[in-house]
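**Student:** Residue numbers (this note's numbering): 1 to 135.
Beta carbons: idealized from backbone N, C-alpha and C, even for Gly.
The model shown is predicted, which means the values in this text are computed figures rather than measured ones.
Quick one: the structure is below, and I'll ask about it shortly.
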Amino acid sequence: MELRELLMNRKTLLVEDDPWIRDSLAQYLRDKGCRVLALGDIPSGHFTLDANRFDVVICDHGSPGGDGLAYLALARRVLPDAILILLTGDRAEAVRPAAKRVGVDEVIGVPFTVATMERSLERALQRLNGTGRRI
């Protein structure tokens, strides 16, 4: 199954302060069929977690107003079956163990390529069974 089919209609929350990355990644995800809510800071994201059932949450580690890793730990509690991806501009390998402990599915170093994002999404989606539940 192609990535577009796997992502079709998935509700995605993107929290990224860099407008170029946020806008480009949001457009990429929309082109893949996702319904995307793109926000520039973590405090705005707090209001959306409880009110929405996101399938995918992508958050920048160094977003204004909070720690992306702590935000994704909260997202894991609120959305236990969601795919969680952490974007980090520094020390992706150093962050990976802590990210795994809180339930982050993928850690992507910034800058990244489209191919890197696609591989990460494909790996994370393979962890879901046909009902959208974690396996």
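Hey, quick one: how far does the beta strand (DSSP E) through E2 stretch, first residue to last?
**Tutor:** Here E2 belongs to no beta strand (DSSP E), and DSSP marks it neither H nor E.
**Student:** What residue does the alpha helix (DSSP H) around D17 start on, and which one ends it?
**Tutor:** D17 -> no alpha helix (DSSP H), and no H or E assigned at all.
**Student:** In the structure shown, what three-state DSSP assignment does V78 receive?
**Tutor:** Helix, per DSSP.
**Student:** Are there 16 or more other CB atoms within 10 angstroms of the CB of G68, so buried, or fewer, so exposed?
**Tutor:** The residue in question, G68, is buried, as its Cβ has 16 or more Cβ neighbours within 10 Å.
**Student:** Count the other C-beta atoms from every protein chain shown that fall within 10 angstroms of the C-beta of K32, then say buried if there are 16 or more, exposed otherwise.
**Tutor:** That one is buried.
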